[in-house]
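Asker: One rule links them: number in our numbering = place in the sequence shown (from 1) + 110.
For each residue, glycine too, the CB sits at the ideal point set by N, CA and C.
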Amino acid sequence: MIEPSRGDLLISEPYLPDPNFERTVIFLCEHDENGTLGFVLNKKAQVKLNDIVDEVGSFRAEVFVGGPVQKDTLHFIHRNGELSQHANQVSMNTYWGGDYDQLLKMMNTRSIDKKDIRFFIGYSGWGAGQLMDELKAKSWIVMKNPSQEMIFDWDNHDLWKGCLKNMGGKFKLMSNYPKDPRLN
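#1: Give me the residue from I222, S234, M111 with the minimum Cα distance to P178.
#2: Among M216, N286, Q180, E192, which has the Cα closest to the Cα of G148?
#3: Have a look at S115 and D265 and give me their C-alpha separation to the nearest angstrom.
#4: Check for me: the beta strand (DSSP E) holding E172 runs from which residue to which?
#5: Is Y205 helix, strand or coil when you go by DSSP?
#6: When the Cα atoms are used, what is the spatial distance from S168 to K254?
#7: What do you reckon, are the CB atoms on I251 and T183 nearer than 9 Å?
#8: Do F137 and L151 have their CB atoms nearer than 9 Å?
#9: Around the C-beta of G176, are 16 or more other C-beta atoms found within 10 angstroms, so that it is buried, or is it exposed?
#10: Could you give the first and the last residue of the continuous beta strand (DSSP E) run that contains E140?
So, in structure tokens, the structure goes:
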């Protein structure tokens, strides 16, 4: 079993029965003795950012469902150095949060590119030891040190399959498993 760290990806095993996490890829922003927090990268919400936040004007960024916890909260990860001062560094040049007022100004002046930021409604969270129990039960696959391209640039529709293929070996085979094994 591989121990996850901040900045790693959690990839759901092909037949995880929880509909919240079916074929999901989660970017971990926190993982320590107190628990784990991350955001689902490949579940788009049915709304755009400017549909839920008036202050962003016409900045029509995608919004993702970060997970089933606190769906009334908005979070963001980014790779913009200008926002890094008040942000939590998750991995090399990838940050979680930051100065929200500065972000609004950057969106309204178009000084931040949509491809450098991701917004999430809610998050995925595990209490102390809970994720480790799920890893022992083989519910998740840990991908160490993913590239920024995987997090920000890869097509979210193919992300689950692409990450497994990228890992090679048995994971590449898993990437082709049908959603319903009875159809095989």
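Answerer: On the basis of the coordinates in this document:
#1: For the purposes of this step, residue 178 is taken as the residue at position 68 of the sequence shown. Comparing Cα positions, the closest option is S234.
#2: As a first step, residue 148 must be located in the sequence shown, where it is residue number 38. When only C-alpha atoms are compared, the closest one is Q180.
#3: The residue labelled residue 115 in the question sits at position 5 within the sequence shown. The residue labelled residue 265 in the question sits at position 155 within the sequence shown. For S115 and D265, the distance between alpha carbons rounds to 24 Å.
#4: Here residue 172 corresponds to residue number 62 of the sequence shown, with the count starting at 1. Start and end: 172-175.
#5: By 1-based counting over the sequence shown, the position of residue 205 is 95. Residue state, collapsed to three classes: strand.
#6: Position 58 of the sequence shown, counted from the start, is the residue given in the question as residue 168. Position 144 of the sequence shown, counted from the start, is the residue given in the question as residue 254. Looking at the two C-alpha atoms, the distance is approximately 36 Å.
#7: Counting from 1 along the sequence shown, the entry for residue 251 is found at position 141. Counting from 1 along the sequence shown, the entry for residue 183 is found at position 73. No. Outside cutoff.
#8: Taking the sequence shown and counting its residues from 1, one reaches residue 137 at position 27. Taking the sequence shown and counting its residues from 1, one reaches residue 151 at position 41. Against a cut-off of 9 Å, the Cβ pair of L151 and F137 comes out as a contact.
#9: Position 66 of the sequence shown holds residue 176. Burial call: buried.
#10: Residue 140 sits at position 30 when you count from the first residue of the sequence shown. Its beta strand (DSSP E) spans residues 135-142.
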